[in-house]
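This note's numbering puts the first residue of the sequence shown at 764, with every later residue one more than the last.
Just so you know, even glycine gets a beta-carbon here, dropped at the ideal spot from N, CA and C.
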Amino acid sequence: MENFALLNEDSFEESLGEILQVPQKNEKHTILLVDDEVNNLQLLRRTLRHDYNILTASNGKEALEIVEGKGKEIALIVSDQKMPEMEGTEFLKKVAGDYPDIIKILLTGHLDVDAIVDSINDCHLYQYIVKPFDPEELKLTIENGIQKFDLVNNKTVILKDLRELFYKTIKLIASALDAKDPYTHGHSLRVTMYSLILAKALNLDDTTLEEIETAGLLHDIGKIGIPQKILCKPGKLTEEEYEVMKSHPAQAEKMLMGIKKLTLISNWLRTHHERWDGKGYPQGLKGEEIPISGRIIALADTYDAMTSTRSYRQALSHETAIAEIQRCAGTQFDPVLADLFVKCSAEIRAAKEDPETYYPKYSYLQKEINNTI
Ligand SMILES: [Fe+2]
């Protein structure tokens, strides 16, 4: 458990460095040329070979096999329309389904407006060119197509990087916060993990899962403003000190509400010490007045507090903590959620014992990053 630090400053700086790196330029893009006329193919190859890696095929079927083998390596396709085995439009239509980012240019032998409009729609054509073509004009069209390809791909990469940066940053904040007190090491991450187990058992949608994960990681961020001597005091807090401590949910809201993406979450954070019976703080909200995420985090937070050693007491066993949650269902906790928490008890215990394995399993944000790589 002591080693449960999913991110430290060094790995954060490393990933920040990677993210801010300037993308490699001057790498040649790969273009696939498809034409059954050898002379045409040679002319195209001569025109383009200095600037691009060239692949060639003499019909749609052969070209499709190349696309299926090379996949994302190919940036752009120039295909003739009239070819044996498989026509250009049929081939490009198949490519459009599986590889929408590849730029597609069609060479047609004659100007048939209806056929061209249909193929632009069906194949998501970037451009069509009527034969005989001017090599310089074709070159320019390809250059523009490649620029569009780069733009779309860079946007995807930047969005993925920003998402990763956001996720790693909030994880780092959570770890740094927990590190302020040796007794709360790994607390925010475990609270997040238990909250996600509960949220998944409730079949909440993906957007809510992402928000609950963010809220779980940041739920105690307001403690940044609480003096260390109160936060880490070994004995009981005085009434005055307790009042200061109780300000942390409202401080969390104040800190995050200016960030557009976190406005809703900041409101949730304010509610994670409210109680179902209205005896919580800071507002004394009751029952369903408390947002569901606030009710979920309250359960996860209390379970983790009970099962962790504190300066003033040893950790309670999993069974004792679960019995306490059952006892407080309907007073401190939402009874339905408390019941579900007890039903998920085996999963929660397993996650508590091996958070390094279980956190990535439940993390929605981690899954999203992996999916976009
Ligand atoms: Fe808290």
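Alpha-carbon spacing of residue i relative to residue j, whole angstroms
i, j, result
"isoleucine 987", "leucine 940", "7 Å"
"leucine 807", "glycine 823", "17 Å"
"leucine 1027", "methionine 1020", "8 Å"
"cysteine 886", "isoleucine 1022", "41 Å"
"valine 785", "glutamate 900", "Residue placement at valine 785 is poorly supported in this model, since its pLDDT is 43, which falls under 50; the coordinates are not used for a value here."
"asparagine 803", "leucine 922", "40 Å"
"lysine 1124", "isoleucine 883", "43 Å"
"glutamate 850", "isoleucine 909", "24 Å"
"proline 1012", "lysine 931", "22 Å"
"threonine 810", "threonine 793", "14 Å"
"proline 1098", "alanine 1092", "4 Å"
"leucine 1103", "alanine 1113", "16 Å"
"glycine 860", "isoleucine 817", "23 Å"
"phenylalanine 767", "histidine 950", "Model confidence at phenylalanine 767 stands at a pLDDT of 41, short of 50, so the residue's coordinates are unreliable and nothing is read from them."
"tyrosine 862", "isoleucine 1060", "41 Å"
"valine 880", "glycine 872", "15 Å"
"lysine 845", "alanine 826", "14 Å"
"leucine 770", "leucine 981", "Low local confidence applies: a pLDDT of 43 at leucine 770 is under 50, so the model's placement there is unreliable, with the coordinate-based value given in what follows. So the alpha carbons of these two residues sit roughly 15 Å apart."
"threonine 819", "lysine 934", "48 Å"
Simplified DSSP assignment, three categories, for residue i
i, result
"phenylalanine 896", "coil"
"arginine 1073", "strand"
"tyrosine 815", "coil"
"tyrosine 889", "coil"
"isoleucine 795", "The sequence shown places leucine at residue 795, not isoleucine. In the structure shown, leucine 795 sits in a strand (DSSP, three-state: E or B)."
"leucine 721", "Nothing about residue 721 can be read from this structure; the chain reaches only from 764 to 1136."
"threonine 1065", "helix"
"isoleucine 829", "helix"
"methionine 764", "Per-residue confidence for methionine 764 stands at a pLDDT of 37, beneath the threshold of 50, marking its modelled position as unreliable; the derived number appears in the next sentence. Three-state DSSP puts methionine 764 in coil, outside helix and strand."
"isoleucine 866", "strand"
"aspartate 924", "helix"
"glutamine 787", "Here the model assigns glutamine 787 a pLDDT of 49, short of 50, so the residue's position is not dependable and the matter cannot be decided."
"leucine 1027", "helix"
"aspartate 1117", "coil"
"alanine 820", "strand"
"serine 938", "helix"
Option in the options with minimal Cα separation from residue i
i, options, result
"serine 1074", "Ala820, Phe912, Leu994 and Val801", "Leu994"
"glycine 1041", "Glu976, Phe1096 and Asp1064", "Phe1096"
"glutamate 1004", "Arg1038, Asp924, Ile989 and Arg926", "Ile989"
"glutamate 906", "Glu853, Pro895 and Lys791", "Lys791"
C-beta neighbour in chain C for residue i, strict 8 Å
i, result
"threonine 1034", "Absent from the structure: chain C. Only one protein chain is present."
When you compare the region 901–920 with the region 928–946, are there three or more beta-carbon pairs, one atom per stretch, that lie closer than 8 Å? Segments in contact, no.
Would you check if there are 3 or more beta carbon pairs closer than 8 Å linking the region 885–894 to the region 863–871? As far as the Cβ criterion goes, the region 885–894 touches the region 863–871, which means the pair count is three or higher.
Would you check if the region 1064–1077 and the region 961–974 touch, i.e. whether three or more CB-CB distances between them fall below 8 Å? Result no; under three Cβ-Cβ pairs closer than 8 Å.
For the region 1077–1091 and the region 1049–1059, state whether three or more C-beta atom pairs, one from each stretch, are separated by less than 8 Å. The region 1049–1059 and the region 1077–1091 do not touch, with fewer than three beta-carbon pairs separated by less than 8 Å.
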